[in-house]
Amino acid sequence: PHILMDYFTNISFVVVAKNPYVTISEILDVAPELAGDIERLAKQVLNILIIQRKNNYLLGNNITFTYEDMCKRPEWVEERVNKHYGINDFKLNNVDQLTTSQSLIDNLTDFQIETINDVFKRSLDTLTYWGYDLETREN
């Protein structure tokens, strides 16, 4: 984004984040062999959230929302895009195709959640910034 801003001074970005537990669950679904390296995977996913947060601060004229906003509040996202960019016919039509976040999080084991939380505790401010909390399991 920083390179683009040097050439396009009026540029703005759509900055989107996704629940990091869901992201990890989806990665493990596609590549189960990464389950043995859950800590490294959690660090990478957290780093993505940190980078998106920095991009949002540094680049200024952005619109920011989460993947969950697109699923749960599509009209709100559509309204923001319309207001910010003047795009009147922007519609989100994929809401009925999405797997629920909780079912994906439930695919993670207690050990995986504990390991992920150990990593995410290092940057609670970033989780909070995006509207996420540490996952907990009832014993």
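For what it's worth, the working numbering labels the leading residue of the sequence shown as -18, then goes sequentially. Each residue gets a CB set at the ideal place from its N, CA and C atoms; glycine is no exception.
Start-to-end residues for the beta strand (DSSP E) that takes in residue i
{"i": "F101", "result": "Not the beta strand (DSSP E): F101 falls in the alpha helix (DSSP H), residues D91 to F101."}
{"i": "T45", "result": "I44 to T47"}
Within 8 Å, strictly: CB atoms of residue i and residue j
{"i": "R61", "j": "I86", "result": "no"}
{"i": "T107", "j": "L30", "result": "yes"}
{"i": "S82", "j": "V3", "result": "yes"}
{"i": "P1", "j": "L27", "result": "yes"}
Per-residue DSSP class, three states only, for residue i
{"i": "T4", "result": "helix"}
{"i": "A16", "result": "helix"}
{"i": "L73", "result": "coil"}
{"i": "R118", "result": "coil"}
Extent of the continuous alpha helix (DSSP H) run through residue i
{"i": "R61", "result": "P55 to Y66"}
{"i": "T107", "result": "L105 to W111"}
For residue i, the residue or residues it bridges with in DSSP
{"i": "V(-5)", "result": "I44"}
Near the ligand SAM: residue i beta-carbon under 7 Å from a heavy atom
{"i": "F(-11)", "result": "With respect to the ligand SAM, the structure offers nothing, as it holds no ligand at all."}
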